[in-house]
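As structure tokens, the structure follows; a few thoughts come after it.
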Amino acid sequence: MDPVFKKYGADPTGRGNVILIGDTVEGDWKLAQAVGLEFYAVTSGGMDTREKFITAGVSEDHIIDSVADLPQILLN
9 MDPVFKKYGA DPTGRGNVIL IGDTVEGDWK LAQAVGLEFY AVTSGGMDTR EKFITAGVSE
69 DHIIDSVADL PQILLN
């Protein structure tokens with residue numbers, strides 16, 4: 009994550025410009041929590057399920073079925 013923070017700022021307020029998108033609870037979701045990034049889970053990769061993300065604490069409105077849904081999210 010260091011290159012991302014160098015580009016967008018190590019200051020926590022700069023992290024509001026970064027969204028982490030991932031398909032695992034243990035790697036991606038926990039990393040997002042550890043470094044304070046907004047997180048979207050994608051379930052189409054076959055890694056972790058919607059239910060597993062919800063159980064881990066990911067908000068349902070931050071779980072998408074496909075990366076094809078990302079443009080709509082990023083434009084909002």
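All residue numbers for the sequence shown refer to my numbering, where the first residue is 9 and numbers rise by one. For glycine and all other residues, C-beta sits at the position ideal for the given N, C-alpha and C. On a predicted model such as this, the values are computed, not experimentally measured, just so you know.
**OP:** Within the same chain, show all residues whose beta-carbon is closer than 6 Å to that of residue 40, passing over the 5 residues directly before and after it, in chain order.
**Re:** Your numbering for residue 40 matches position 32 in the sequence shown. Answer for residue 40: 28 and 47, listed in chain order.
Original post:
In whole angstroms, what separates the C-alpha of residue 2 from that of residue 45?
Top reply: Nothing in the structure corresponds to residue 2, since the chain is present only between 9 and 84.
Original post:
By the 10 Å Cβ neighbour count, where 16 or more other Cβ atoms means buried, how is residue 30 classified, buried or exposed?
Top reply: Within the sequence shown, the letter at position 22 stands for residue 30. Its Cβ being crowded by 16 or more others within 10 Å, residue 30 is buried.
Subject >> Alpha-carbon spacing of residue 59 relative to residue 71, whole angstroms >> reply: Residue 59 sits at position 51 when you count from the first residue of the sequence shown. Residue 71 sits at position 63 when you count from the first residue of the sequence shown. One C-alpha to the other measures close to 10 Å.
**OP:** Answer yes or no: do residue 73 and residue 51 have a C-beta to C-beta separation smaller than 8 Å?
**Re:** Position 65 of the sequence shown, counted from the first residue, corresponds to residue 73. Position 43 of the sequence shown, counted from the first residue, corresponds to residue 51. Yes, the pair counts as a contact, with Cβ atoms nearer than the cut-off.
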